[in-house]
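Presented below is the structure to which this report refers.
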Amino acid sequence: MRLDNMLLAEGVSGPEKGGGSAAAAAAAAASGGSSDNSIEHSDYRAKLTQIRQIYHTELEKYEQACNEFTTHVMNLLREQSRTRPISPKEIERMVGIIHRKFSSIQMQLKQSTCEAVMILRSRFLDARRKRRNFSKQATEILNEYFYSHLSNPYPSEEAKEELAKKCSITVSQVSNWFGNKRIRYKKNIGKFQEEANLYAAKTAVTAAHAVAAAVQNNQTNSPTTPNSGSSGSFNLPNSGDMFMNMQSLNGDSYQGSQVGANVQSQVDTLRHVINQTGGYNDGLGGNSLYSPHNLNANGGWQDATTPSSVTSPTEGPGSVHSDTSN
DNA sequence: GGCTATGATTCGCG
DNA sequence: CGCGAATCATAGCC
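Okay, here's the thing in structure tokens:
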């Protein structure tokens with residue numbers, strides 16, 4: 001019945017140890033997915049093997065006991081047959097009773113084995129149980145990308161792969177990370193300000209000089225439209241660089257012509273840097289070009305359409321307590 | 001032990 | 001299908 005099927009599927013019953021491990025591996029692979037983490041799987045397999053061994057030894061024991069008991073009863077009946085007549089029917093009936101009893105015991109064994117397997121599966125296959133924080137290096141790389149693409153923190157499939165490779169995590173983990181990051185950043189920009197500054201400064205070191213000229217040009221050329229500088233509306237137009245959109249690839253592989261494409265993101269970087277240098281932190285007044293507050297206001301990707309519960313418990317994101325280090 | 005940070009999952013939406 | 005939002009469950013810190 002069903003128990004049998006399940007045990008067979010899990011590689012517990014069925015072929016013995018020789019092919020058993022293969023069956024177990026197949027089961028693990030089938031349920032777990034790809035050959036992602038061999039460590040987990042080998043662990044899982046080991047545990048499964050253990051269960052299988054217990055199951056088989058118990059099963060054997062029961063069978064043996066059943067046989068012994070049957071022969072014992074038979075002997076008893078034979079002895080009794082000397083004193084009273086015993087029909088073959090009666091013997092058959094006795095044997096039947098014994099077998100039924102033992103098979104019900106076997107049933108219980110199977111059931112408990114199934115339970116054990118289920119627990120094992122939930123323990124090992126539920127990824128949430130084995131959550132591990134990414135390495136410091138990995139989060140650093142991810143953060144670098146995130147903050148240097150703050151205007152559009154949606155890495156392309158290629159970029160995700162690249163990041164995944166760099167961080168030695170899977171692409172879906174990268175997606176998860178960015179999903180979490182975006183939402184958590186948006187939820188409380190103030191909390192991430194420090195981090196943003198940190199990474200912005202870090203990337204700025206490498207990127208700023210490459211783009212600074214371009215940005216300055218951009219700004220000096222259009223002093224009348226500060227909003228264009230604020231670049232808040234990343235989600236939309238971005239007109240220019242949308243067409244060239246090549247900001248992905250490696251995040252910082254710019255070949256001459258790409259500079260334009262990267263300007264947008266670099267503006268973010270610079271904004272943070274400027275912020276850090278304490279230039280505009282008092283901009284709360286309203287015309288602060290680069291305050292994240294402003295950024296928030298003009299509907300970027302983090303356009304918080306639901307200000308309801310946010311009401312930043314901390315000070316507003318605008319009040320960046322820049323450590324006035326300069 | 002409670003708290004926060006964080007990775008993963010789930011669900012609804014377009 | 002990718003994303004946002006809510007949620008779960010563990011890690012790590014005090």
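Numbering (full-length UniProt numbering), first residue to last: 1 to 326. Ideal Cβ positions, reconstructed from N, Cα and C, are used throughout, including at glycine. Please read these numbers as outputs of a predicted model, since none were measured by experiment.
Selected residue, minimal CA-CA separation from residue i, among the options
i: GLU194; options: LYS101, GLU161, TYR147; result: TYR147
i: VAL12; options: GLU68, HIS99, GLU115; result: GLU115
i: ALA138; options: VAL117, LYS160, SER81, LEU150; result: LYS160
i: ALA196; options: SER151, PRO85, ASN176, SER168; result: SER151
i: ILE98; options: THR57, PRO88, PRO85, HIS72; result: HIS72
i: ARG132; options: PHE102, GLN173, GLY96, GLU92; result: GLN173
i: TYR55; options: ILE105, ASN67, ARG93; result: ILE105
i: ARG52; options: ARG100, ASN67, TRP301, MET6; result: MET6
i: TYR185; options: TRP301, ASN67, LEU59, ARG2; result: TRP301
i: GLY179; options: PRO153, GLU158, GLU157, PHE192; result: PRO153
i: residue 327; options: GLU63, LYS136, PRO85; result: Limits of the chain in this structure are 1 at one end and 326 at the other, which puts residue 327 out of reach.
i: ASN75; options: VAL95, LYS191, ILE183; result: VAL95
Neighbourhood of residue i by C-beta distance below 8 Å, restricted to the same chain and skipping five residues each side
i: GLU90; result: LEU77
i: ILE141; result: LEU163, LYS166, CYS167
i: ALA65; result: PHE102
i: ASP4; result: SER13, LYS110
i: VAL171; result: GLU157, LYS160, GLU161, ALA164
i: GLU58; result: LEU109
i: VAL117; result: MET6, LEU7, GLU10, VAL12, LEU48, ILE51
i: GLU60; result: none
Spatial neighbours of residue i in its chain, beta-carbon cut-off 7 Å, leaving aside the 5 residues before and after
i: ILE169; result: PHE134, ALA138
i: PHE69; result: ILE98
i: THR113; result: LEU7, VAL12, ILE51, TYR55
i: ARG2; result: none
i: TRP177; result: LEU142
i: PHE192; result: TYR185
i: GLU315; result: Note that GLU315 scores a pLDDT of 42, beneath 50, so its modelled location is shaky; the value from the coordinates is reported in the next line. Correct list, in chain order: GLY190.
i: ARG93; result: none
i: SER175; result: LYS160
i: ILE86; result: LEU77, GLN80
i: PRO88; result: none
Own chain partners of residue i with C-beta closer than 6 Å, once the 5 adjacent residues on each side are dropped
i: GLU181; result: According to the sequence shown, residue 181 is Lys rather than Glu. Cβ neighbours of LYS181 beyond the five flanking positions: PHE146.
i: THR49; result: none
i: ASN67; result: none
i: ILE183; result: none
Residue i CB to nearest heavy atom of the ligand GDP below 7 Å
i: LEU163; result: Ligands displayed in this structure: none; no statement on the ligand GDP is therefore possible.
*Counting pairs of Cβ atoms below 8 Å between the stretch 99–111 and the stretch 77–87, do you hit three or more?*
no
*Can you list, in chain order, the stretches of the alpha helix (DSSP H) that have 4 or more residues and sit fully within the stretch 119–207?*
136–148, 157–167, 171–187
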